[in-house]
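Everything in the sequence shown is counted per our numbering, starting at 43 for the first residue and increasing by one.
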Amino acid sequence: MNNISRIAGVIILTITASCLADVNSAPQNTADINTVVKTAPKIVQQDDKPVKLLQENERLKTENVVMEKAVKAYEKSVIDLRVAFGLIVGLVGAYVSIMAFRNTREYREAIKETKEAAKEAKETAKEAEKAAENARNWEEKSSKVFRGIDTKVQQKLEEIEKRADKIITDKSNEVIKLISEIAKEERKKSQEEAEKERQANELQVKSLHEMYLGITILDQALKKEGVESDNLFEQSYTKFKKAIEIKLDMYLVLKYWGGALLYQAQKKEGQEKKKLVQEAREKSLQAEQIKKGGGAYNLACIAAIEGNEEECKKWLKIGEEAGELENREWAMKKDEDLKAYWDKDWFKAIKWKGEK
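Laid out in structure tokens, this is it:
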């Protein structure tokens with residue numbers, strides 16, 4: 043505001059000085075001009091030249107008229123200048139007053155706004171400081187809470203780890219115990235199975251021993267005739283019976299027993315022969331139940347004895363598939379029961395024991 047007032051004052055003084063200088067440099071009034079005009083004729087009269095004097099007077103009159111007009115114009119311009127100067131001074135004063143008033147109001151408003159802004163800034167700063175303090179408090183509290191949580195989590199993890207170790211240890215012990223029990227059971231089973239196998243082998247050896255005794259006696263019976271032969275057959279049957287009693291699943295015993303009955307049947311006729319053939323059928327079927335093909339050859343011979351070619355062919359095929367047939371030389375040259383089919387093509391096509 044003070045700067046604006048100073049500038050306005052400088053402007054007014056400058057304009058005033060300029061106007062005063064213009065006024066002072068001009069003639070002051072018409073008297074000064076008339077003095078100049080009157081001086082001129084006197085100078086002309088001293089020259090004593092009438093013609094020139096007249097001319098000069100005319101010129102001076104003309105100049106006097108012009109000068110008077112100039113003076114009037116000047117006086118009018120001075121008046122106009124003073125009016126203009128007054129207007130300028132008034133306008134400048136009004137402008138300065140308006141600017142002073144305006145700047146004073148704006149200044150006050152600015153001061154007021156500045157104070158309000160400063161007040162708000164202080165309040166905001168207080169709030170910010172309070173918020174920062176609250177944030178620090180919350181940070182401390184949260185840090186404390188998080189530290190507590192971390193501690194609890196760590197404790198829980200340690201507890202879980204301990205429990206897990208205990209569980210793993212317990213489970214490992216249980217597994218080890220279970221494995222030990224299983225191994226013990228397996229050893230026990232193995233021992234029992236080994237014992238059973240040993241006993242089975244022992245029984246098998248005993249059974250085979252009795253069976254081979256029966257086969258040996260059977261071979262003697264085939265060489266004898268009449269009552270002596272029949273007695274030897276009975277002795278062989280006794281051995282076969284004892285062998286099967288020792289070990290019930292010995293299909294070989296039943297196979298040879300059935301074969302022995304068929305050999306004896308070849309020596310008999312009528313009902314006695316039929317009886318022996320029927321007993322041979324029963325023993326052979328028992329052997330077939332224990333092992334497929336185990337009684338097939340004997341059953342084929344029985345079918346041939348009875349004249350049933352298809353039945354004979356069926357049992358020979360079963361024996362062929364199971365690999366339980368006799369060898370070709372015996373079947374096709376020595377076994378009288380199959381003699382009726384020796385020349386048959388299907389009979390010759392059978393793969394006998396040992397053939398591929």
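Just so it is clear, CB atoms sit at the ideal spot from N, CA and C, and this is done for glycine as well.
If you run the structure through DSSP and keep just helix, strand and coil, what is D385?
-> coil
Please report the residue range of the alpha helix (DSSP H) in which G335 lies.
-> G335 -> no alpha helix (DSSP H), and no H or E assigned at all.
Per-residue DSSP class, three states only, for K395 = coil
Express the C-alpha separation of I224 and S232 in angstroms, rounding to a whole number.
-> 12 Å
CB contact flag (D379, A338, <7 Å) | no
Inside the region 295 to 352 only - alpha helix (DSSP H) runs reaching at least 4 residues = 312 to 332, 338 to 347
Burial state of L290 (16 or more Cβ within 10 Å) = exposed
Would you say E182 reaches chain D, if we count a Cβ-Cβ gap shorter than 7 Å as a contact?
-> Included in the structure is just one protein chain, with no chain D present.
With distances taken between CB atoms, is the gap from W299 to K316 smaller than 7 Å?
-> no
Counting pairs of beta carbons, one from the region 229 to 249 and one from the region 275 to 293, are three or more of them closer than 8 Å?
-> yes
Specify, as a first and last residue, the run of the alpha helix (DSSP H) that L274 falls within.
-> 268 to 288
Where K171 and R178 are concerned, what is the direct C-alpha to C-alpha distance, given to the nearest angstrom?
-> Reading off the sequence shown, one finds Glu at residue 171, where the question assumed Lys. Going from the Cα of E171 to the Cα of R178 covers about 10 Å.
Measuring alpha carbon to alpha carbon, tell me which of C354, L358, T280, R370 ends up nearest G335.
-> L358
Beta carbon of E321, beta carbon of L296: below 7 Å?
-> no
So what's E402 in DSSP terms, helix, strand or just coil?
-> Lying outside 43 to 398, the shown extent of the chain, residue 402 is not represented and no answer is given.
List the whole-angstrom C-beta distance separating Y293 from A342, where the pair is believed to meet the contact cut-off of C-beta under 8 Å.
-> With a Cβ gap of about 16 Å, Y293 and A342 do not count as contacting.
What do you get for S278, buried or exposed, if any count of 16 or more other CB atoms within 10 angstroms of its CB means buried?
-> buried
Using beta-carbon positions only, say whether L425 and Y305 come within less than 7 Å of one another.
-> Residue 425 is absent from the model: the chain starts at 43 and stops at 398.
Can you say whether I392 is buried or exposed, counting buried as having 16 or more other CB atoms within 10 angstroms of its CB?
-> buried
Have a look at T280, E244, D272 and flag the residue whose alpha-carbon is nearest the alpha-carbon of M253.
-> T280
Please state whether DSSP places D291 in a helix, a strand or coil.
-> coil
How big is the Cα-Cα spacing for Y383 and R323?
-> 20 Å
Who are the near neighbours of L260 in its chain, counting only those whose CB is closer than 6 Å to its CB and skipping five residues on each side?
-> S278, A302
Using alpha carbons as the reference points, say which of E155, K111, E362 lies closest to K398.
-> E362
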